[in-house]
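2 protein chains.
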Amino acid sequence: MEYVGTALAEMTMPQISPLAGEPIERADAERLAGVLKALADPARLRLLSLIQSAPEGEACVCDLTAPLGLSQPTVSHHLRILTEAGLLEREKRGVWAYYRLVPTAIATIADLLTPPRKRAGKKAR
Amino acid sequence: MEYVGTALAEMTMPQISPLAGEPIERADAERLAGVLKALADPARLRLLSLIQSAPEGEACVCDLTAPLGLSQPTVSHHLRILTEAGLLEREKRGVWAYYRLVPTAIATIADLLTPPRKRAGKKAR
DNA sequence: CGCCGATATGCAGGCGAGTCAATGCTGCTG
DNA sequence: CAGCAGCATTGACTCGCCTGCATATCGGCG
Chain B
1 MEYVGTALAE MTMPQISPLA GEPIERADAE RLAGVLKALA DPARLRLLSL IQSAPEGEAC
61 VCDLTAPLGL SQPTVSHHLR ILTEAGLLER EKRGVWAYYR LVPTAIATIA DLLTPPRKRA
121 GKKAR
Chain X
1 MEYVGTALAE MTMPQISPLA GEPIERADAE RLAGVLKALA DPARLRLLSL IQSAPEGEAC
61 VCDLTAPLGL SQPTVSHHLR ILTEAGLLER EKRGVWAYYR LVPTAIATIA DLLTPPRKRA
121 GKKAR
């Protein structure tokens, strides 16, 4: 399979109703739930954390299996889910596959959750 | 079973390592994943949205089954999960059970996800 | 005090998710 | 070019979760 299009990208542009104001639609709820589901796993949260705190902000699979205590296929599986959710990006250099965080992806999710009340400090969205 | 103690409450006080900086511990990852798992469901997202946008910011089960298109036991089940996750609070008045959002619960989750970089605008927590 | 309405709980079926072992694929390296 | 190392994919197993039906519980009303 080749990459079905980063659920986050679909929701970051067309403003998905954040968890505030009007009741959200079914489709919006399902898309937001989809991205949250990608986050809602201990192994994947640790993967994001590990990658982000890695030397260059990037890491390859072989660096991640040990700290997680999971098999290489399993780690690869989780990385795939995070990538398809739009949270990670993959770059293959030689034999290694380097993963890094998509810059504003997680912040976008946080913004979708946070009610608009009192958010004067930030750029007006 | 009677209410095992609002996973969010356990993580909001003792500063759970947010998804930034140091690699997060297994226990932290599991607790954060637990709360996110409560959020990562279309029906529950819609419940939160419906309750929040209800007249007094509160709603009883009988008002929620119809818009969701789910049976009453199922709605009750989801409300229970959200309550145990620390996202909702329940108040029983007469025959009805009114649910409302725990004020800063969702914002707390958003803060745990957002990296600390460039968060000058907000109060220094 | 007995019935009815609003919720909560138990139980069961079905589907999706996490994990690993085995295997295939690709690009280095000797 | 033959062998090896790093990753991805497949298949199978298990477990947890969403949902509905049936039932128990609790409060109000006639």
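Each protein sequence line maps, in turn, to chains B and X.
Going by our numbering, the residue at position 24 of the first sequence is 24; the numbering climbs one at a time, nothing skipped.
Going by our numbering, the residue at position 71 of the second sequence is 71; the numbering climbs one at a time, nothing skipped.
Backbone N, C-alpha and C define an ideal beta-carbon position, used for all residues, glycine too.
Let me see if you follow: with CB-CB separation under 8 angstroms, is residue i close to chain B or not?
i: residue 104 (chain X); result: no
i: residue 20 (chain X); result: yes
i: residue 33 (chain X); result: yes
i: residue 3 (chain X); result: With a pLDDT of only 36 at residue 3 (chain X), under the threshold of 50, the placement of this residue in the model should not be trusted, and no figure is reported.
i: residue 59 (chain X); result: no
i: residue 40 (chain X); result: yes
i: residue 70 (chain X); result: no
i: residue 50 (chain X); result: yes
i: residue 83 (chain X); result: no
For residue i and residue j, what's the separation of their Cα atoms in angstroms?
i: residue 73 (chain X); j: residue 92 (chain B); result: 49 angstroms
i: residue 87 (chain X); j: residue 103 (chain X); result: 8 angstroms
i: residue 69 (chain X); j: residue 99 (chain B); result: 40 angstroms
i: residue 95 (chain B); j: residue 82 (chain B); result: 21 angstroms
i: residue 37 (chain X); j: residue 37 (chain B); result: 7 angstroms
i: residue 55 (chain B); j: residue 61 (chain B); result: 14 angstroms
i: residue 110 (chain B); j: residue 110 (chain X); result: 4 angstroms
Return yes when the C-beta of residue i is under 7 angstroms from any heavy atom of the ligand NAP, and no when it is not.
i: residue 18 (chain X); result: You won't find the ligand NAP in this model; it holds no ligand whatsoever.
Is there a Cβ of chain X sitting closer than 8 angstroms to that of residue i, yes or no?
i: residue 24 (chain B); result: yes
i: residue 107 (chain B); result: yes
i: residue 92 (chain B); result: no
i: residue 30 (chain B); result: yes
i: residue 66 (chain B); result: no
i: residue 100 (chain B); result: no
i: residue 114 (chain B); result: yes
Just verifying my parser: in three-state terms, what is the DSSP assignment at residue i?
i: residue 88 (chain X); result: strand
i: residue 33 (chain X); result: helix
i: residue 101 (chain B); result: strand
i: residue 27 (chain X); result: helix
i: residue 43 (chain B); result: helix
i: residue 20 (chain B); result: coil
i: residue 38 (chain B); result: helix
i: residue 59 (chain B); result: strand
Identify, in the order they occur along the chain, each residue of the same chain with its Cβ nearer than 8 angstroms to the Cβ of residue i, setting aside the five sequence neighbours on each side.
i: residue 67 (chain X); result: 46, 50
i: residue 90 (chain B); result: 79, 83, 97, 98, 99
Once the 5 residues before and after residue i are set aside, which same chain residues still bring their CB inside 7 angstroms of it?
i: residue 64 (chain X); result: 47, 50, 75
Which same chain residues, not among the five before or five after residue i, have their C-beta less than 6 angstroms away from its C-beta?
i: residue 19 (chain X); result: 113
i: residue 57 (chain B); result: 100
i: residue 40 (chain B); result: none
Inset, instruction - Determine, using beta-carbon pairs with one atom in the region 17-26 of chain B and one in the region 40-55 of chain X, whether at least three such pairs fall under 8 angstroms. - result: yes
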